[in-house]
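Novice: One line per chain: the protein sequences are A, B and C, in this order.
Position in the first sequence (first residue = 1) + 131 = this note's numbering.
Numbering follows this note's numbering, in which position 78 of the second sequence is assigned residue number 63; successive positions increment by one, without gaps.
Position in the third sequence (first residue = 1) + 3 = this note's numbering.
All residues carry an ideal CB built from backbone N, CA and C; glycine is no exception.
Since this is a predicted model, take the numbers as computed values, not measurements.
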Amino acid sequence: MALIELDHLCRRYGEQLALADVTLRAEPGIIGLLGPNGAGKSTLLKILLGLLRASAGTVRVLDMEVRESGLCLRRQIGYMPEADAIIPGMRGVEFIILAGQLHGLSRRQASRRAHEILSCLGLEEVRYRALEEYSTGMKQRIKLAQALVHDPPLLFLDEPTSGLDPAGRDHMLGLLWDLGHHHRKSLVISTHLLGDVERICDTVIILNHGRVIRHGRVADLRAERPDRYWLRIDGDTTDFVKELMLEGARILHDNGQGDLRVAVPANWRVIDFFALADNQDVAIRGLDRDDEHLEELFFRAIDEPHEAGV
Amino acid sequence: MASADIADLATLADGEAILRILRVSKWYGGVLGVNDVSLALGPGITALVGANGAGKSTLMRLAAGQLRADLGEVRVCGISPLRPRAKAIIGFMPDGDRFYEDMSGHTFVATLAGLHGYSSAEAERRTRQVLEQVGMAGRSERPLRNYSKGMRQRIKLAQAIVHEPSLLILDEPFAGIDPVGRQQFMRLFRGLAAQGCCLLVSSHELDEVEKLTNRIALMAHGKLVGAGTLTDVRDLLDQHPLTVQITVREPRRLAALLWRISDVRGVEVRDEGEVIVRALAPRRFLQGLGALILEERIDVERLRTLDDSAEALLRYVQRT
Amino acid sequence: MLQYAPLTVADGRRHSVIWPIAMAAVALSMRRRLSWILYGLSLLVFLMFFFGQYLLSWAQGQTAETTIRIGFIRTDPTRLIGVLRDALHMNGGAQTYRNFVTLQGSMVVIVLALAGSVLIGNDFRCGSLAFYLAKPLARWHYLAGKGLAVALMVNLMTTLPALVLFVQYGFLDSWEYFVRDGQRLGAVSIGSVRIPLQGPNPLLFGIVGYGALLTVCLSIMLLATSCWLRKTVPLIMVWTTVFFFFRLVAVALVDGLQYDARWRLLDLWNDMTLVGGTCLGLGSESFRSSRQPAAAEALVVLSMVCVACLIYLSRQIRAVEVVG
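#1: Mind checking the stretch 33 to 65 of chain B against chain A and listing, in chain order, the residues whose C-beta falls within less than 7 Å of any C-beta there?
#2: So, at 7 Å on beta carbons, what are the nonlocal neighbours of Phe49/C in its own chain, with the 5 sequence-adjacent residues on each side left out?
#3: Under the three-state reduction of DSSP, which class applies to Cys62/B: helix, strand or coil?
#4: Taking a Cβ distance cut-off of 7 Å, strictly less, list which residues of the stretch 165 to 190 of chain A are near chain B, in chain order.
#5: Counting only Cβ pairs nearer than 8 Å, list the residues of chain A close to Gly130/C.
#6: Does the stretch 142 to 153 of chain C come close enough to the stretch 168 to 175 of chain C to have 3 or more Cβ pairs within less than 8 Å?
#7: Note down, in chain order, every chain A residue with its Cβ under 7 Å from the Cβ of Gln272/B.
#8: For Met171/B versus Ala39/B, is the C-beta distance shorter than 7 Å?
#9: What does the alpha-carbon distance come out to for the pair Phe246/C and Met195/A?
#10: Between Gln180/B and Gly120/B, which are expected to be in contact by the criterion C-beta below 8 Å, what is the C-beta distance as a whole number of angstroms?
#11: Evaluate Phe77/B with the Cβ neighbour count: other Cβ atoms within 10 Å of its Cβ, from every protein chain shown; 16 or more gives buried, anything less gives exposed.
#12: Could you name the residues of chain B that Pro297/A contacts, counting a contact when the two beta carbons are closer than 8 Å?
#13: Can you tell which of Gly124/C, Gly95/C, Leu37/C and Lys138/C has its C-alpha closest to the C-alpha of Tyr210/A?
#14: Compute the distance between the beta-carbons of Lys172/A and Ser321/A, then report whether it is under 7 Å.
#15: I need the DSSP call for Asp(-10)/B, collapsed to helix, strand or coil.
#16: What's the C-alpha gap between Val252/C and Val303/C?
#17: How long is the line joining the alpha carbons of Ala133/C and Ser32/C, rounded to whole angstroms?
#18: Give the residues from the stretch 400 to 430 of chain A that approach chain B closer than 9 Å (Cβ to any Cβ), ordered along the chain.
#19: Could you work out which residue in His314/A, Gly417/A, Pro396/A and Ala408/A is closest to Arg363/A when comparing CA atoms only?
#20: Taking the alpha helix (DSSP H) that His246/A falls in, what are its first and last residues?
#21: Between which two residues does the alpha helix (DSSP H) containing Phe53/C stretch?
#22: Work out the CA separation of Lys208/B and Asp(-10)/B for me, nearest whole Å.
#23: Pull up the distance between the alpha-carbon of Arg243/A and that of Ser317/A, whole angstroms please.
#24: One question on the structure: do Ala406/A and Asp365/A come within less than 7 Å of each other, judged by their Cβ atoms?
#25: For Arg205/A, would you say it is in contact with chain C, using Cβ-to-Cβ distances shorter than 7 Å as the test?
#26: Measuring CB to CB, does Ala98/B end up less than 7 Å from Ile75/B?
#27: How about Gln240/A: is its C-beta nearer than 7 Å to some C-beta of chain B?
#28: Across which residues does DSSP place His384/A in a beta bridge pair?
#29: Which word fits Ser(-12)/B, buried or exposed, when buried means at least 16 other C-beta atoms lie within 10 angstroms of its C-beta?
#30: Using only alpha-carbon positions, find the residue among Tyr180/C, Leu200/C, Leu140/C and Glu179/C that is nearest to Leu188/C.
#31: Can Met110/C and Leu44/C be called in contact, C-beta distance under 7 Å?
#32: Among Lys234/C, Met275/C and Ile210/C, which has the Cα closest to the Cα of Gly95/C?
#33: Roughly how many angstroms lie between the CA atoms of Val236/B and Glu259/B, to the nearest whole one?
#34: At what residues does the alpha helix (DSSP H) containing Asp126/C begin and finish?
#35: Using three-state DSSP, classify Glu1/B as helix, strand or coil.
#36: Can you find the residues in the same chain that come closer than 6 Å, C-beta to C-beta, to Ala298/C, ignoring five residues on each side of it along the sequence?
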């Protein structure tokens, strides 16, 4: 069963075409939704949540047809918004109990579930504290908690790591990975942070100007470049670079601080780098195949010319 | 822990320092927010890296003249940032979001430009120029209330640079900005740095920040743990062994051979041909490793120093 | 992540969402200490009526005496009865209940003004409306839940105490008070005894009707005003303007400048009192100021105001972006 099936989906705002002829079939898993501002990501999310009606085309989520009343659908979906959605004055646990009740649980069930969820997200020590006293990390986690209270099979997350410091981001991404892989939930993560997508998403959907310009697994989409390498050199790189060029390699990028990207000739072997380094009395701190990163893939995709849809 | 010598002024200035922070401490009630920090910065971009609560925001606000230091002194181009004169050469892009929601973005920036003492014609000209630079040209007539997060960030940046400051302090400039916008910002920052501005950038998005600059100032628990290039700071933590991950075709052979290098403290073989080695004396070890690879003709697929990122450093200093 | 457990629901029934929304709103408004103080004050009014009725009933049994002592006050029983029954109308008649609810009016209005920002203003200001709308509920569920919360607060101060007074009077006066003037519903025979059935005292319906009118009008108006002005102080300012300032203007125009009685329709509280009075069976001649508009006109004005508020509300809620 496909997670999301869109067939010639269009959405107009007056003359503007926010989404133009989007057709895709997404399988369950962790999906990254990327795109520049104005690409139509939030419009797409609204339609998938059943909060907005499509101008044309069909939308199926979790094998349910989505018309204007997405009520049924929202029972199966958890949404973690980007903006703060706190009710001032309410305590953490009360907030989650309310969320549970809004999903149709009885007060007792919701209460039990609230405590359970707060514990497993690490918020049990602050559950009786008022929501406005929460730190950014706690706020993000409580937003995730209210999305998980009814154990939905599908979660939409809007910038789940925004405002978190690196430790908090690690933790959040770990939680999401866990939910996706151990509890077999599907996640659709809309974010600007390509690093997050690289870490935990199986597939990506890239939107631009209301169209899907890339859809697939990152590994499949990225261009393989077997003749290119990335190097990080410890020491003075000037002579090393000269030697490389003499040996027939092309320097694609040199940031002046030891990071190099080179394209090597046909019969090059990795060990040749070490030989050169040894000659020039520098040390190699890092070396790897320079396949296309997600960021390069992203920019390559959005730079492609497009026909302005009408 | 780090053996960084903080008694000496950590200087990241090639010439005359624009920002000088000398043994500054700041208390919040009983809590020490910033503990005996000394730092000197010149033109160019410096990244301020640290976990939440490490004292980054406090340090930035001290540098911007929004807070008074309890101990020590702060000097921007020789004058204290608390004085009104200093505000003309300091630009601050704060973390929080407090605008006059009914004003349009354009009016907001123009008003703040006027507050710097420019005539209304001059303020208007500068506003237009600066809105162009941050990518808000033509979009800034609507009231701020309707703006997306990214647009608000751009307006914040615009008001920080409208008076061409010598010191630009940016707290989380990339929050809510899409990848295209990030590139625009980075171009803008590099341009400003090239013109002689000193930028102090704090961001949690360490990969972005590493693209921007090589100079970092690392803070943990209110102290400045180290300042300099990434490699320098990393090498300062010489009590912490360097961790290198090598992906080879014959991991066990390499694992056995690695013990030949005297600095090695631990070797681990993982699946898929990964060998993790921990060693002291980074530079010497790496040269020894290179020599070993050459000698034994080891087929290396990939080599990574796992602590070479700001993120890894941060993780390490947070633990200790 | 420590053991995320899937949800196991023993009882698969889906419960209503309106009640939790209402309960959450009421609980939040009652967290403020000021609300409790105001409820306390409204309780004083209720107690005044409660003991007043009791006093009247007792004094009526003491008419044989020339003076009676209540605490440290000495007075003539007939005079006391006159005060209580004729001036203050604590006689279990329609006037009693209308006066009681009107007196409670100011308290109710202030409590609602304070509660408004917590009830609904914060949802707009702090983004929690998006939280509600992203759940499996329709916008009308949200409005109904909030409306129910206001209804509970209003009724707690008006209808419920009025009903208590009704029951108390029946106990003090006589059992037949409960069925006085009630409709004849025929009779039922038990054996050879024929017992006539009578409907309850229509005042009961009047009380409930007045309460319902207040509930509906005040909730809709409060929700609309709080949606417009999300913070407490502006809300109080507008609310007092609507209820107190317009009242003054109406009185000045009609009683002072002798304008047409219809100008009194500006005074919304008066309109509600008029219509409520009609529910209780009182005509406009029972008002202190004689020149009053017809109850039907008042009803029309109230309906128009409510409809306008509802339209405004649904527009505002529709405009909230759940996904940024």
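Specialist: Put simply:
#1: Ala36 and Asn37
#2: Pro164
#3: coil
#4: Pro167 and Asn168
#5: Pro212, Ala214, Asp215, Ala216 and Ile217
#6: no
#7: Ala414
#8: no
#9: 50 Å
#10: 19 Å between Cβ atoms; not a contact.
#11: buried
#12: Ala36, His189, Leu191, Glu296, Leu299 and Arg300
#13: Lys138/C
#14: yes
#15: Residue confidence for Asp(-10)/B is low, a pLDDT of 34 falling below 50, so the modelled location carries little weight; the figure read from the coordinates is stated next. Looking at Asp(-10)/B - three-state DSSP - the assignment turns out to be coil, as it is neither helix nor strand.
#16: 20 Å
#17: 20 Å
#18: Arg400, Val401, Ile402, Phe404, Phe405, Ala406, Ala408, Asp409, Asp412, Val413, Ala414, Ile415, Arg416, Gly417, Leu418, Asp419, Arg420, Glu426, Phe429 and Phe430
#19: Gly417/A
#20: Arg238 to Cys251
#21: Arg36 to Gln63
#22: With a pLDDT of only 34 at Asp(-10)/B, under the threshold of 50, the placement of this residue in the model should not be trusted; the figure read from the coordinates follows. Each residue's alpha carbon lies about 12 Å from the other.
#23: 24 Å
#24: no
#25: yes
#26: no
#27: no
#28: Arg392/A
#29: Interpretation of Ser(-12)/B is limited by its pLDDT of 30, a score under 50 that renders its predicted location unreliable; the figure taken from the coordinates is listed afterwards. Per the 10 Å Cβ criterion, exposed.
#30: Leu200/C
#31: yes
#32: Ile210/C
#33: In the sequence as displayed, the identity of residue 236/B is Pro instead of Val. If you take the alpha carbons of Pro236/B and Glu259/B, they lie about 7 Å apart.
#34: Asn125 to Arg128
#35: coil
#36: Leu277, Val278 and Thr281
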